[in-house]
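Report on the structure given below.
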Amino acid sequence: MPPKKSLVVSVWPQISGGECPVKTEVGQNFEVTAFADPLAAEALLKVKPAGASSWQKIPMSLCSNGKWRGATVFEATGYYDYTVEATTKSGASAPYGRKLRVMVEQSLARFSAWYEIFPRSQGDIAGRSGTFRDVIKRLDYIKDLGFDVLYMAPIHPIGFTKRKGINNSLTAGPGDPGSCWAIGSEAGGHKSVHPDLGTIDDFRALVEVAAKKGLAVALDIGLQCSPDHPYVKEHPEWFYHEADGTIKCAENPPKKYEDVYPLNFYPAEGRKEMWDEMKSIFEFWAEQGVKLFRIDNPHTKPAEFWQWAIAEVKKKEPDAVFLSEAFTNYEKLEELAAVGFSQSYGYFTWRNGKNELIEYMLKLTQSHLKNFLRMNLFVNTPDILPTILQTGGRQAFMSRIALATTLSSCYGMYNGYELCENEAVNGKEDYWRSEKYEYKPRDWDAPGNIKDYIKLLNKIRRLNPALRQYDNLRFANSTNDHIIAYYKVSPDGKNRIFAAVNLDPHQSQDSRVTVPLEDFGISTDEDYIAEDLLSGRKYIWRDRENYVRLDPYKNPAAIFRITPTTTGGKSVGKKIKPAKNSAAAESEKTAREHAVIFFELRKKVLERNDPYARRELSGFYSEHIAPRTYAGETFDETYTEAINRSAKREGFRSIAHANAATPGH
0 MPPKKSLVVS VWPQISGGEC PVKTEVGQNF EVTAFADPLA AEALLKVKPA GASSWQKIPM
60 SLCSNGKWRG ATVFEATGYY DYTVEATTKS GASAPYGRKL RVMVEQSLAR FSAWYEIFPR
120 SQGDIAGRSG TFRDVIKRLD YIKDLGFDVL YMAPIHPIGF TKRKGINNSL TAGPGDPGSC
180 WAIGSEAGGH KSVHPDLGTI DDFRALVEVA AKKGLAVALD IGLQCSPDHP YVKEHPEWFY
240 HEADGTIKCA ENPPKKYEDV YPLNFYPAEG RKEMWDEMKS IFEFWAEQGV KLFRIDNPHT
300 KPAEFWQWAI AEVKKKEPDA VFLSEAFTNY EKLEELAAVG FSQSYGYFTW RNGKNELIEY
360 MLKLTQSHLK NFLRMNLFVN TPDILPTILQ TGGRQAFMSR IALATTLSSC YGMYNGYELC
420 ENEAVNGKED YWRSEKYEYK PRDWDAPGNI KDYIKLLNKI RRLNPALRQY DNLRFANSTN
480 DHIIAYYKVS PDGKNRIFAA VNLDPHQSQD SRVTVPLEDF GISTDEDYIA EDLLSGRKYI
540 WRDRENYVRL DPYKNPAAIF RITPTTTGGK SVGKKIKPAK NSAAAESEKT AREHAVIFFE
600 LRKKVLERND PYARRELSGF YSEHIAPRTY AGETFDETYT EAINRSAKRE GFRSIAHANA
660 ATPGH
C-alpha cells in the first residue's frame, strides 16, 4: 500500500514551484537533487518529453543524509517533464507532488559569440545603403574573427513620419535613413524587408550562405511600429491613445521615441487576434531560416505574453533562441528569464571595479539564477558606449573584451568595437554620429584596431572546454584591487583556465594571486605549467601563491592554461629550460647582482628595523625584481631561475617568498 504522503520533500532545480521551466542544453549534464524522508530506500529521477505518457526512470544516488542526486543528458531540444519518486524498503512508493519542466535548448543558448551589425552600413559608399549581398561579402571577415552568431539590427521598412535625423535630431534630412527600430511604411511591416537592402530571396540567400560558413543569423525584433506601419491603419485599437484620440509615442525613461508607437498588448477588443499576429512574426522569420531572436525592450511588454509566445514558437521551432534586451530592474530581468528567454543583456557594461564585478558575476552564475538565466555579456551596443571605453583608450577595449569572453560563455560585440570607436555625445553614453540614424561604412583595417586580439580570444574560447561552460566560474584571491583573478574547470576536470585581468587602463599593475590547486587536482609540493594563451609564454609555478604583472598598453590580461607536470607519478610535461646565450648570461649576472643587493637591504631591515631600509628594499624589489619575475610581458625566465636559486640558498622557496616574508612587507 503506498504511503499517504510523498516521501520526497523537495526537488531542485525548480522555479516558483514548477510554474516556469528551468533550462539546460543538448549534450549537457542535467543534475537533479532531492531531499527524501529517511524511510526512503531508493529514489528515481523520472524524465519524459512534455506530453508523452511513459517515463524514463534513472536511479539516483544517496550522497548525504536524505539527499539524493541523479542526472541525465538530453539529446534533442524541446520541453521535458521531470520529477522524483522514492520507495521504502517495504516497496511502498510515492512521487514528488509536482511535475516539473525543463526547457532543453540548442548549444548556442549557452556558448555563443554575437557580432552585431546594421546591414545598411555594410556597403562601401558613403550616403548609400548597403545590401544583403554586401553583408554576404563580410561573412568571411566575421567568421575569421571567431564569431558564430551574426546579429542584425532590424531589416524592415522604416517610417517617414517623424523620422529621426543625424544624432537623434527631431528633423531628418532628405537622405537620412531614420532609425531602423521605427518599423513599418507603405513598403510593409514586420514581415517585410527594406527595399534598399534587397528582396526576401536575397535575405534567404544570406541566411543560407552564413549557415554554410558556420554562422547563425539572429534578427532584432522590435514589437513596436512607426506611424506609417500598416497596423496603424488596419488596427488602431492595438495602440495607446491620448485624450484627444491621437496615438501615443513610445517612452522608455529617460528616453523618448517620437518616431515609434508602442503596442497595447491588452486592447479593449481582439487581444487573441493581436497576440496571434505578434507570434506569427517569429514564425514567419523562422520559416526564412532564422532561429535566433534578439527582442527589443521586452520589459515594456507583459511577461504573460512572452511566456505564451515563446512556448508557442518553440512548439514549432524547438531550436529557437530568444535574447532579452532587458536593461531594467533585477526583478523584471529575472521574470523575463523565468518565463522563457534563453539569454539576457545585463549590467556588465557598468560593472568596472573588481568587487562589483565579482558580486555581479557570482549572483549570475552561483545563485539560483544559473538554472534559468544566462547572461550575454555585451561589451557595447548601438545604445551604449560605456564611460570606461570613452576614457580608457585602446587598452580599455582590450581589457573589457578579455573579461567578457572569459567570465561568461556567451558574449556579444557591436561592430566598430574592433576599431576602438569611442567618440561620444558630450556627457552621455551615446555614440556621436550614431549608426542608428545614418549609414556608416567603415575601413575595417583602420590603424589601432584590435582585430587580432579578438580573434585570439575567440580561438581560446573554442579550444578550451572550461570556457564553454556558464556556471563553472569561480574567483581567486588577488592582492591588488586593480587586478581581478578567476578560473574555470571543464566538467571532466582536464581543462583548467586561470585568468587575471588588469582593470586599470592607464597603468601597469602587479599582484600576488592565489591559484586553487585543490580545484585543479594539483598537489602543493609539485610544479605545474601555467601557459599564457595570449602571449604564448609558459611559466613553471609551484604552490598556490604566484605573481602576475599586467601592462594595459601591451596586454591587460593573462589567460593561463594550467597543466600538472606529473599525473599518477608520471611526467606529462617537460621542464622549461632557459636558453643559453649572451642575453641569458647577462640575465644571470644581473640576477646575482640583484640578489646580493636585495638580501643586504633585507638584512638591514631585520637588524635595525630601519623604515628607510624597508622603503628602499620595497622600491628596489618593485622596480628591478618584480617586472622580471612576475608573469607578464617583461618576464625574464633566465633571470627568474637565477635569482630564485639565490633565494633558495638563503632558505626561501623563491625571491617572492623572501620578499613576502620580510617584516613590514
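Going letter by letter, the sequence shown gives residues 0 to 664 in numbering that gives the first Met the number 0. Using N, Cα and C, we set each Cβ at its ideal position, and we do this for glycine too.
Exercise. Counting only the same chain and skipping the five closest in sequence on each side, list residues whose C-beta sits under 7 Å from that of G572.
Key: Any reading at G572 needs caution, since the residue's pLDDT is 49, under 50, leaving its predicted position unreliable; the model's value is listed next. Once the five neighbours on either side are set aside, the close Cβ partners of G572 are I528, T562, T564.
Exercise. Determine the DSSP secondary structure at K66, reduced to helix, strand or coil.
Key: In the structure shown, the three-state DSSP call for K66 is strand.
Practice problem: Inspect the CB distances between the segment 167-181 and the segment 235-246 and report whether three or more fall short of 8 Å. | Solution: No, the segment 167-181 does not touch the segment 235-246.
Practice problem: Drop a sphere of 10 angstroms on the beta-carbon of T637, count the other beta-carbons inside from all chains shown, and report buried for 16 or more, exposed for fewer. | Solution: With 16 or more other Cβ atoms from the protein chains shown falling within 10 Å of its own Cβ, T637 counts as buried.
Quiz prompt | DSSP state of W431 mapped onto helix, strand, coil | solution = Annotated three-state conformation of W431 is coil, per DSSP.
Quiz item: Going by other Cβ atoms of all chains shown within 10 Å of its Cβ, with 16 needed for buried, is Y410 buried or exposed?
Solution: The residue is buried, with at least 16 neighbouring Cβ atoms inside 10 Å.
Quiz prompt | Exposure label - Y438; buried when at least 16 CB within 10 Å | solution = Here Y438 is buried. Its C-beta has 16 or more other C-beta atoms within 10 Å.
Practice problem: With DSSP as the reference, label G17 as helix, strand or coil. | Solution: When secondary structure is reduced to three states using DSSP, G17 falls in the helix class.
Quiz prompt | Contact set for Y452: own chain, Cβ-Cβ below 7 Å, skip 5 residues either direction | solution = These residues qualify, in order along the chain: M397.
Quiz prompt | Y359, enclosing alpha helix (DSSP H) - first and last residue | solution = Looking at the DSSP string, the run of the alpha helix (DSSP H) that includes Y359 is 353-365.
Self-check item: Test: R607 CB closer than 8 Å to a CB of chain B
Solution: Structure shown: chain B not included; a single protein chain is present.
Exercise. Would you kindly work out how many angstroms separate the C-alpha atoms of V259 and K22, rounded to a whole number?
Key: Cα-Cα distance, rounded: 34 Å.
Exercise. Mind checking which residues open and close the alpha helix (DSSP H) that includes A336?
Key: Where A336 is concerned, the enclosing alpha helix (DSSP H) stretches over 329-337.
Exercise. State yes or no: is the C-beta of R548 within less than 8 Å of the C-beta of A657?
Key: For R548 and A657, no; Cβs fall outside 8 Å.
Quiz item: Which partner residues of Q55 appear in the DSSP bridge assignment?
Solution: DSSP output for Q55 lists V46 as bridge partner(s).
Quiz item: D524: which of E544, S507, Q508 sits nearest, CA to CA?
Solution: Out of E544, S507, Q508, E544 has the C-alpha closest to the C-alpha of D524.
Quiz item: By how many angstroms is the C-alpha of N328 removed from the C-alpha of T692?
Solution: As displayed, the chain neither begins before 0 nor continues past 664, which places residue 692 out of reach and without an answer.
Exercise. For D550, name the three-state secondary structure that DSSP assigns.
Key: It is a strand residue.
Self-check item: Where G568 sits in the DSSP three-state scheme
Solution: Legend: pLDDT at G568 = 49, less than 50; position of this residue unreliable, no value from coordinates given.
Quiz prompt | 8 Å contact criterion, which V312 and S341 should meet: CB distance rounded | solution = Not confirmed; about 12 Å, so no contact.
Practice problem: Compute the Euclidean distance between the alpha carbons of V10 and F283, then round it to the nearest angstrom. | Solution: Each residue's alpha carbon lies about 38 Å from the other.
Self-check item: Reduced DSSP secondary structure (H/G/I, E/B, other) of F73
Solution: DSSP places F73 in coil when its eight states are reduced to three.
Quiz item: Is the number of C-beta pairs between the segment 78-95 and the segment 126-143 that are closer than 8 Å three or more?
Solution: Three or more beta-carbon pairs separated by less than 8 Å are not found between the segment 78-95 and the segment 126-143, which leaves the two stretches without contact.
Practice problem: Compare the Cα-Cα distances from Y114 to each of L6, Y413, Y344 and report the closest residue. | Solution: Ranking the options by Cα distance to Y114, first place goes to Y413.
Quiz item: Closest to M160 by CA distance: which of E355, G183, I154, R591 is it?
Solution: It should be noted that the sequence gives Thr, not Met, for residue 160. Nearest neighbour of T160 by Cα position, chosen from E355, G183, I154, R591, turns out to be G183.
Quiz item: Taking the DSSP output, what are the residues bridged to S621?
Solution: Its beta-bridge partners do not exist; DSSP assigns none.
Quiz item: Does the distance from the C-beta atom of L61 to that of L38 stay below 8 Å?
Solution: For L61 and L38, no; Cβs fall outside 8 Å.
Quiz item: So does the segment 366-376 actually touch the segment 71-84, counting three or more Cβ pairs closer than 8 Å?
Solution: The segment 366-376 makes no contact with the segment 71-84, as fewer than three CB pairs between them are under 8 Å.
Quiz item: Quick one: is P252 buried, meaning 16 or more other Cβ sit within 10 Å of its Cβ, or exposed?
Solution: Exposed, by the Cβ-count rule.
Practice problem: Classify G650 as buried or exposed, calling it buried when 16 or more other Cβ atoms lie within 10 Å of its own Cβ. | Solution: With fewer than 16 other Cβ atoms inside 10 Å of its own Cβ, G650 counts as exposed.
Quiz item: Which runs of the beta strand (DSSP E) spanning at least 3 residues fall entirely within the segment 506-559, listed in chain order?
Solution: If we require 3 residues or more, the beta strand (DSSP E) runs fully inside the segment 506-559 come out as 508-513, 526-531, 537-541, 544-549.
Quiz prompt | Spatial neighbours of G122 in its chain, beta-carbon cut-off 8 Å, leaving aside the 5 residues before and after | solution = Annotation for G122: S128, G129, T130, D133, Y438, P440 place their beta carbon closer than 8 Å to its own, counting only its chain and skipping 5 residues before and after.
Quiz prompt | Beta-ladder partner(s) of F292, from DSSP | solution = L218, F321.
Quiz item: Three-state secondary structure (DSSP) at Y638?
Solution: Helix.
Quiz prompt | Reduced DSSP secondary structure (H/G/I, E/B, other) of K493 | solution = Correct three-state label for K493: coil.
Quiz prompt | Assumed close pair W180, P156 - CB separation to whole angstroms, cut-off 8 Å | solution = Not really, about 12 Å apart at Cβ, beyond 8 Å.
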